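Peer 1:
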Amino acid sequence: MSLLRNLFSFSFSANSIITKPYFAFSIKSMEATTSELNLNYPKPISSPPPPISKDIELKRAMEASSKSSLYNLTRDDVLYEDEHLMAVNKPKGVYCEAVLRSAPQIVLDSSSEFHLANRLDRDTSGVMIITKSHKVAAKLVKAFTEHKIRKSYIALCIGSSPNWSKVTVSSGHGRSKHGAWRVYSALDVGRVLPGGSFVRDMETTFEVVSVNGVKSESCEVDGVKTESCEVESVVVVEGKREVSSCEGDDVVVVVRAFPRSGRTHQIRLHCQYLGIPIRGDVKYHGRYEWCGRTFEGHELHAECLSLDHPVTDEPIVFRAPVPCWAAGD
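Residue numbers for the sequence shown follow the working numbering, so the first one is 777 and each next one is one higher.
1) Give the range of the beta strand (DSSP E) segment to which K953 is assigned.
2) With H, G and I counted as helix, E and B as strand and the rest as coil, what does DSSP make of K830?
3) Between which two residues does the beta strand (DSSP E) harbouring C933 extend?
4) In terms of residues, what are the limits of the beta strand (DSSP E) holding R1044?
5) Spell out whether any CB of chain C is found under 9 Å from the CB atom of Y871.
6) Specify, as a first and last residue, the run of the beta strand (DSSP E) that C1067 falls within.
7) Three-state secondary structure (DSSP) at V985?
8) To which residues of the same chain is P1091 closer than 8 Å at the C-beta, ignoring the five residues directly before and after it?
9) Which residue marks the beginning of the beta strand (DSSP E) containing V1027, and which one marks its end?
10) State yes or no: is the C-beta of V1027 within less than 9 Å of the C-beta of N988?
11) Does the beta-carbon distance from T980 to S901 come in below 9 Å?
12) Between A1102 and the rest of its own chain, which residues show a CB-CB distance below 7 Å, the 5 nearest in sequence each way excluded?
13) So, are the CB atoms of R851 and C872 less than 9 Å apart?
14) Straight-line CA distance for S811 to I821?
15) Excluding five sequence neighbours on each side, which residues of the same chain lie with their C-beta closer than 6 Å to the C-beta of A800?
16) Closest to P938 by CA distance: which of Y1049, E1065 and T1088 is it?
17) If you run the structure through DSSP and keep just helix, strand and coil, what is S1004?
18) Unbroken beta strand (DSSP E) runs of length 3 or more, entirely within the region 853 to 898: which are they?
19) Can the beta-carbon of P825 be found less than 9 Å from the beta-carbon of Y960?
20) What are the boundary residues of the beta strand (DSSP E) that includes F1094?
21) Between which two residues does the beta strand (DSSP E) containing V903 stretch?
22) Once the 5 residues before and after V917 are set aside, which same chain residues still bring their CB inside 7 Å of it?
23) My understanding is that I906 touches F890, with C-beta atoms under 8 Å, so please give their C-beta distance in whole angstroms.
24) Using three-state DSSP, classify H923 as helix, strand or coil.
See the structure below:
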């Protein structure tokens, strides 16, 4: 590979004549070598985005840009605030940068240096932390990187009814040669991908909240684990076979997700892998048309963040009200 890289690092004029024998590669042999190298790249397990997703995602992005340009954070959006940071409830269909931009308008100390401690996808609503100094931002970023901040999300999915009540999925995560995020085998973690990036690890625990509106038996009551909690299944992704499910392809499944890592689109990818893509998430094969309605974004909500305060070290929990689609569960 290094030899090919060195070869293509040279530039030649139109009249250059190559006489050195070590440049005498035939095009055919070069193509064969490149083809052999490509065969060594890890193969993604999850399906690529459907063709229709390109136009839908473009439309959603344009609508979100327009909405974000007019968005202003209000005091009603603030879940918590002190002199070091503030936690806010980001709405669906608004970019994080719009929330950050409008933060100085609702605080008294305009000299603060506002930073995003975490980010949410455009159509994901819920808890987002904005810090008021670079020092606090650095501490929180480090805490997120070291998995010291506990996160929980709630998602409404449509797919096959799960035959598990609690499952942990461990897999690889990376961009395919077409630029889309995909699930890879856990055995491929650390391997190089086209473009020079690497497969990284990702892990998410899921709990079933309800199936077709029927609530699942909770594993916790007032924070205490109950005897009725079923044994957790652990799935280490090593092949194309997905977690088996029960009958039906049109089951509404509400799940709570606890991501250990923080990879891009992690929960959305793992829901796709489990056969329960999030409703409205057309990029990952979720239903964007359902029961006569068209959904303008995926239904995923960052409901809770729990952490030790970056300055006081006191334990603190930020919880955002659940959106209307999850209120019944």
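No residue lacks a Cβ here, since even glycine has one placed at the ideal position from N, Cα and C.
Everything numeric in this text was worked out from a predicted model, so none of it was measured.
Peer 2: Taking the geometry as given:
1) From DSSP, K953 is part of no beta strand (DSSP E); its letter is neither H nor E.
2) In the three-state reduction of the DSSP assignment, K830 falls in the helix class, which pools H, G and I.
3) R926 to G935 is the span of the beta strand (DSSP E), which, as asked, contains C933.
4) That residue, R1044, is in no beta strand (DSSP E); its alpha helix (DSSP H) goes Q1042 to Y1049.
5) Among the chains of the structure shown, chain C does not appear; only one protein chain is present.
6) From DSSP, C1067 is part of no beta strand (DSSP E); its letter is neither H nor E.
7) Correct three-state label for V985: strand.
8) The beta carbon of P1091 sits closer than 8 Å to those of S1082, L1083, D1084 and H1085, all from its chain and outside the five residues before and after it, given in chain order.
9) Going by DSSP, V1027 is part of the beta strand (DSSP E) stretching over V1027 to P1035.
10) Yes, these two residues count as a Cβ contact at 9 Å.
11) Against a cut-off of 9 Å, the Cβ pair of S901 and T980 comes out as no contact.
12) Excluding sequence neighbours, A1102 sits near I930, L932, V1030 and H1077.
13) No, these two residues do not count as a Cβ contact at 9 Å.
14) At S811, the pLDDT of 46 sits below 50, so the modelled position is not reliable and the matter cannot be decided from this model.
15) Here the model assigns A800 a pLDDT of 40, short of 50, so the residue's position is not dependable, and the following value carries that caveat. Closer than 6 Å at the Cβ level, and outside the excluded window around A800, lies no residue.
16) Considering only alpha carbons, the answer is Y1049.
17) With a pLDDT of 45 at S1004, under the threshold of 50, the predicted position of this residue should be treated as unreliable, and no value is reported.
18) Complete beta strand (DSSP E) runs here, min 3: 854 to 857 and 861 to 866.
19) Y960 sits away from P825, with the two beta carbons spaced by 9 Å or more.
20) For F1094, the uninterrupted beta strand (DSSP E) segment begins and ends at P1091 to R1095.
21) The continuous beta strand (DSSP E) containing V903 extends over residues S901 to T907.
22) Within the same chain, Cβ atoms closer than 7 Å to the Cβ of V917 are found at A893, the five residues on either side in sequence being excluded.
23) Rounded to whole angstroms, the Cβ separation of I906 and F890 is 6 Å, and the two are in contact under 8 Å.
24) In the three-state scheme derived from DSSP, where H, G and I count as helix and E and B as strand, H923 is classed as coil.
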